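For reference, each letter of the sequence shown is one residue, going -20 to -1, 1 to 261 in mature numbering (1 follows the signal peptide of the UniProt record, and there is no 0).
Written out below as structure tokens is the structure these notes cover.
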Amino acid sequence: MIKKAFYGLCLLTLAHTLSAKEILLSNAPVNVALPMNQEIRIEFPETVIDLNLPTELTDSVDTFLKPDGVLFWKAKRSITNSRVIATTAAGQVILLDIHTTPNVSQDQDEQVLQLITSEQLAQRKSIAPETDNSDVPEVLRGNYDLDNGQSSAKKRSPNYIDLARFAYQHYIGPTRLIENLPATRLKTPILGKFRFLRVWNNRLDISILNAWRYDKYYITAVGVKNKGHIAYRFDPRAIRGNFEFVSALYEVLEPRGMKYDRDVWVFISLMPFEQAIRGGR
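As structure tokens, then:
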């Protein structure tokens, strides 16, 4: 039994970190200040298929663009006002006006700019766990104080999506951006020959990547690779086991050899993974 399932964390929640500055996109250019010799992270609302960087900036800034629309920039030389044009997979054109600023203190939180559309903002509010969480334990509702174990209106503890995001951050983006969740790393579970999928068993290559425990919750990251030439849509009904929450980065696992033929699934359970996939036995 799977109580909750979700995909698309890469667009809506995975990229949102505690130090992120949200910028609501409009027709106006986005002003980006690059600290000298310090990497910043810019999170686009979706995949960027073209990043038009002026030729004169090639040697002035290190650029790393991930397939999921996350851009890392590090200025090596002084940059005055320059315009960069980003085009998303949906055809949206985003203008970035960049310039450098003096370096900042090393103890300052990593700079993260999260660019969101008005549609995504509305969608995020509509799926927020706080909207209907009567069946979620208090420790996950956002009113639990981890310091003293008491309810608190001022502190919000991680919910299922927060726990899943913590797991995904080990595989997407720099290690230094992993949230400081007090989770204990566990010995990697052994899957063996047990098949916890109702279908696709011979078509997907599945491996256990990592496992953690936070409070009474077990968090397990599972690597999935498509071995065939048919795309598969993520469907939690295909998964056997007793899980509180299951998520995937991508809705569709593309055929072998394509850009998104691999994925990471995250499972949250009240028991160790190898026990949960057997229904608690």
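From the three backbone atoms N, C-alpha and C, an ideal C-beta is built for every residue, glycine too.
Treat the numbers as computed from the prediction; the structure is a model and nothing was measured.
query, result
"Close-in-space but distant-in-sequence residues of the same chain around Leu51 (CB under 6 Å, 5 per side omitted)", "Ile22 and Leu45"
"Where Asn206 falls, given that 16 or more other Cβ within 10 Å makes a residue buried", "buried"
"Opening and closing residue of the alpha helix (DSSP H) in which Leu143 lies", "Tyr140 to Tyr148"
"Assigned secondary structure, Arg175 (DSSP; H/G/I helix, E/B strand, else coil)", "coil"
"Among Ile29, Ile96, Pro82 and Lys167, the one whose alpha carbon lies nearest that of Ala(-1)", "Ile96"
"Contacting residues, own chain, Cβ-Cβ under 7 Å from Glu254 (five flanking each side not counted)", "Pro169 and Ile170"
"Proximity of Gln94 and Pro15 at Cβ, strictly below 9 Å", "no"
"Heavy atom of the ligand PLP within 8 Å of Tyr151 beta-carbon", "No copy of the ligand PLP occurs in the structure displayed, which carries no ligand at all."
"Ala256 vs Ile199 beta-carbon contact at 9 Å", "no"
"Where the alpha helix (DSSP H) containing Phe253 begins and where it ends", "Phe253 to Ala256"
"One or two residues paired with Tyr194 in a DSSP bridge", "Tyr197"
"Ala13 vs Thr68 beta-carbon contact at 9 Å", "no"
"Spatial distance of Thr60 from Phe223 (CA atoms)", "52 Å"
"Per-residue burial, Asn32 [other beta carbons within 10 Å of its own, 16 or more giving buried]", "exposed"
"Straight-line Cα distance separating Glu159 from Gln86", "Residue placement at Gln86 is poorly supported in this model, since its pLDDT is 41, which falls under 50; the coordinates still yield a value, given next. Between Gln86 and Glu159, the C-alpha separation is close to 18 Å."
"Counterpart residues of Leu5 in DSSP-defined beta bridges", "Paired residue(s): none; Leu5 is not in a bridge."
"Of the listed residues Ile219, Ile141 and Tyr212, nearest to residue 263 (C-alpha basis)", "Absent from the structure is residue 263, since the part of the chain shown begins at -20 and ends at 261."
"Length at least 4, wholly inside the region 196 to 256: the alpha helix (DSSP H) runs in chain order", "253 to 256"
"Among Asp142, Asp243 and Ser62, nearest to Phe225 - alpha-carbon criterion", "Asp142"
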